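Throughout the sequence shown, residue numbering follows my numbering, covering 65 to 277 in sequence. All residues carry an ideal CB built from backbone N, CA and C; glycine is no exception. Note that the coordinates shown come from a computational prediction; the quantities given were computed from them, not determined experimentally.
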Amino acid sequence: MTRGRLILIEGLDRTGKTTQTNLLLEKLGPNAQLIKFPERTTPIGKLIDKYLTERSFELADQAVHLLFAANRWELSHQIEALLRSGKHVILDRYVYSGVAYSSAKGVRGMDLQWCIQPEKGLIKPDLTLFFTTDTAAERQGFGDERYEVEEFQKKVKVKFNDVFKMFENPDYRVNHIKILDVGNKTVEDVAAAVWSLVSDHIATNKSTDFMYF
Ligand code: TMP
């Protein structure tokens, strides 16, 4: 039996990832499961949630980074088991968010190489769709969480580019990262683009091996 595919939707805040991952889940039906990172209900996820929602809850940036990575490790066995059972797993954010957001803080020593270390050994997505937009207007209406600030989001956008460049390096064997400009597009248009890429990927990729960060 071929394993399920690991499909990641990544992107900046307010680019419609959650809407699109839910629509994709509906399309793929019972043979798929959606996992969102951070997964805020686990013991580590609860700490992350507290950090994001309570400005007075201070943690060292290095510790926060390791918590986000640990949150992925908490779910890693479940993800692998689902894929081995033949189910597709849709991820809403994953390793690339971890590296882009933490390195965008500009903390001494926390460069891309530092940030990727605790992610090494996690299963790599088979297909990554990165949602971006050029127009600031689309990204109005940030919420109240810690990173939802225009200035910081601009830095994150630059870092995502650096992260994808780093993964083009042959040492990381980049795999299927597609950039989707969602600016000025309707929910339906983006959903159609997502479905075309995902259905094509599923129809043509049958490998049973996993790739790892
Ligand atoms: P969310 O809005 O998708 O729930 O994500 C919460 C915030 O956490 C968002 O601003 C992105 C950030 N984040 C990280 O900083 N590192 C990570 O590893 C992940 C998954 C998210």
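Only counting the same chain, and skipping five residues up and downstream in sequence, which positions put a Cβ closer than 6 angstroms to that of residue i?
i   : result
L98 : T85, L89 and I154
L92 : H152
Kindly identify the DSSP beta-bridge partner or partners of residue i.
i    : result
V153 : L70 and Q97
F195 : G75 and L244
I187 : Y276
Is the separation between the beta-carbon of residue i and that of residue j shorter than 8 angstroms?
i    : j    : result
F195 : K81  : yes
L116 : E215 : no
D77  : E212 : yes
L193 : V258 : yes
K169 : D125 : yes
T79  : V246 : yes
D156 : I241 : no
Please return the same chain residues whose Cβ sits closer than 7 angstroms to the Cβ of residue i, not counting the five positions on each side in sequence.
i    : result
F274 : I187
I108 : L131, A134, N135 and E138
L87  : A255
Which residues in the same chain have their Cβ closer than 8 angstroms to the Cβ of residue i, if we skip the five residues on either side of it in sequence?
i    : result
D175 : S167
V128 : I112, Y115 and S166
For the alpha helix (DSSP H) that residue i lies in, which residues bound it at each end?
i    : result
A255 : V251 to T268
Y160 : V159 to S167
Inset, instruction - Assess, as a yes-or-no matter, whether the region 131-149 is touched by the region 101-108 under the definition of 3 or more beta carbon pairs within less than 8 angstroms. - result: yes
Inset, instruction - Say whether the region 225-234 touches the region 142-152, bearing in mind that this needs 3 or more beta-carbon pairs closer than 8 angstroms, one atom from each stretch. - result: no
Legend entry - At least three beta-carbon pairs within less than 8 angstroms, the region 65-80 to the region 264-272: yes
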